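**Q** One structure, pasted below without further comment.
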Amino acid sequence: MIAILRKSASDDAVNHLVSWIEKKGLQTNVSYGENEIVIGLVGDTTKIDPFLLESMDIVERVQRVSEPFKKANRKFHPADTVVDCGHGVKIGGGNFQVIAGPCSVEGKNLLTIARRVKKAGATMLRGGAFKPRTSPYAYQGMGAEGLDLLIEAAGELDMPIVTEVMDPRDVQLFVDRGIDVMQIGARNAQNFPLLKEIGKTTTPVLLKRGMSGTIDELLMAAEYIMSEGNENVILCERGIRTFETRTRNTFDLNAVPVLHYLSHLPVVADPSHATGYTRYVEPMALAACAAGADGLEIEVHDCPEKAWSDGSQALTPDQFDRTMDRIRAIRAVISTGDDQS
Ligand code: PEP
Ligand code: MN
1 MIAILRKSAS
11 DDAVNHLVSW
21 IEKKGLQTNV
31 SYGENEIVIG
41 LVGDTTKIDP
51 FLLESMDIVE
61 RVQRVSEPFK
71 KANRKFHPAD
81 TVVDCGHGVK
91 IGGGNFQVIA
101 GPCSVEGKNL
111 LTIARRVKKA
121 GATMLRGGAF
131 KPRTSPYAYQ
141 GMGAEGLDLL
151 IEAAGELDMP
161 IVTEVMDPRD
171 VQLFVDRGID
181 VMQIGARNAQ
191 NFPLLKEIGK
201 TTTPVLLKRG
211 MSGTIDELLM
221 AAEYIMSEGN
231 ENVILCERGI
241 RTFETRTRNT
251 FDLNAVPVLH
261 YLSHLPVVAD
271 PSHATGYTRY
281 VEPMALAACA
291 AGADGLEIEV
301 HDCPEKAWSD
311 GSQALTPDQF
321 DRTMDRIRAI
331 RAVISTGDDQ
341 S
């Protein structure tokens, strides 16, 4: 349920209404928009009489929110959410960012790659230290040592790090190391204990869509994190599994405008995992920009044929230079003038 208040409502009157609702055992979400103030009510709304609420002077109207996701719902929070990823980098609400780096952290070459992606214009550094691999015999990542290499690179380049956490027991390690953005990978998009554990932190989260996850399931995964208190969620479309075999996944670019319509959270697109082939990454990165993504996540490796994972979809630093030029070009074409970056 949401209560849409008159713009003229005083702070005192809003606070009074919020505490009245909270005393009934519900949580509230207050959002100040340009033309109205919206209070989102989360919990057992049968405890609230909508007619009584609507009869209050400051309340313009009351609306039921039928979707099961509440905190992630744009009806609760009409304005775009801007997530602060640290190092002065914000995403959402017109702030566009490119997250780039290798699939896996492999060693000292991370710094070489990081310098090149930063020079090309990437604003956030990615790299997996804990890798979710389909085979238990495949490379599983460097673990905590990989986090240290990321931290060293981020320190030198003053860029936020995005890296995947797979196990609820590792969340505290990521928090202690000051990881800027925790990624939840496609394979963990419905790992509810992990979502809840990350929800208890304040670290921004890049939440990827599950391999066979619907848009609603992605939003419910976000709701798991947000309902625990962490509202710094960035959604990520990374392709879904379909009958098509010519690409690693099918890039569902519909999801970008659909997610913007349904939710206020920033939306990133990942053309690397969506296509699985270097040759398709650039065109689909450009398409994602045109579709309105708030950011891109792109895998880059200094020597893709030697990469320990996902070499087939990595761009070389030279290819990434060109892709960044074209991303800037397409963004200039679609820009409305109110973009921040
Ligand atoms: C990754 O980002 O390297 C990764 C494993 O992504 P996904 O979870 O989308 O497959
Ligand atoms: Mn990868």
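Read left to right, the sequence shown gives residues 1 to 341 (the UniProt record's numbering). All C-beta atoms in this analysis are idealised placements derived from N, C-alpha and C, irrespective of residue type, glycine included. Since the model is a prediction, treat every value here as computed from it, not as a measurement.
So, do the stretch 144-152 and the stretch 70-78 have three or more beta carbon pairs nearer to each other than 8 Å?
**A** Judged by Cβ distances under 8 Å, the stretch 144-152 makes no contact with the stretch 70-78, as fewer than three pairs qualify.
**Q** For M166, which of Q190, G178, F130 and E197 has the nearest alpha-carbon?
**A** Taking only the C-alpha atoms, the option nearest M166 is F130.
**Q** Quick one: Cα of N95 to Cα of V82, how far?
**A** Roughly 8 Å separates the two Cα atoms.
**Q** Considering only the alpha carbon of each residue, which of V333, A287, I330 and S272 lies closest to S315?
**A** Per the sequence shown, the amino acid found at residue 315 is Leu instead of Ser. When only C-alpha atoms are compared, the closest one is S272.
**Q** If I measure Cβ to Cβ from T275 and keep anything under 8 Å in the same chain, skipping five residues before and after, which residues do I get?
**A** Excluding positions up to five away in sequence, the list reads G239, T247, R248, N249, F251, V281, M284 and Q313.
**Q** Hey, how far is the Cα of G86 from the Cα of N232?
**A** Roughly 12 Å between the two C-alpha positions.
**Q** State the DSSP-derived secondary structure class of Y32, mapped to helix, strand or coil.
**A** Strand, per DSSP.
**Q** Determine the direct distance from the alpha carbon of G93 to that of L265, and round the result to whole angstroms.
**A** Roughly 9 Å between the two C-alpha positions.
**Q** What does the alpha-carbon distance come out to for the pair A222 and P102?
**A** If I take the Cα positions, the gap works out to 25 Å.
**Q** Cutting at 7 Å between CB atoms, please list the residues of its own chain near M159, excluding the five before and the five after it.
**A** So the qualifying residues of the chain are H87, K118, T123, M124 and L125.
**Q** Kindly provide the ranges of any beta strand (DSSP E) runs that are 3 or more residues long and lie completely inside the stretch 263-339, ordered along the chain.
**A** Qualifying beta strand (DSSP E) stretches, in chain order: 267-269 and 295-299.
**Q** Per DSSP, C236 forms a beta bridge with which residues?
**A** Per DSSP, K208 and V268.
**Q** Rounded C-beta distance between K71 and M226? I'm assuming under 8 Å.
**A** The Cβ separation is near 4 Å, so the contact holds.
**Q** Helix, strand or coil: how does DSSP classify V65 here?
**A** Coil, per DSSP.
**Q** Is it true that the stretch 287-303 meets the stretch 253-260, where meeting means three or more beta-carbon pairs spaced less than 8 Å apart?
**A** The answer is yes - the stretch 253-260 touches the stretch 287-303, with three or more Cβ pairs under 8 Å.
**Q** Mind listing, in chain order, the residues whose beta carbon lies closer than 7 Å to a non-hydrogen atom of the ligand COA?
**A** Of the ligands this structure carries, namely the ligand PEP and the ligand MN, none is the ligand COA.
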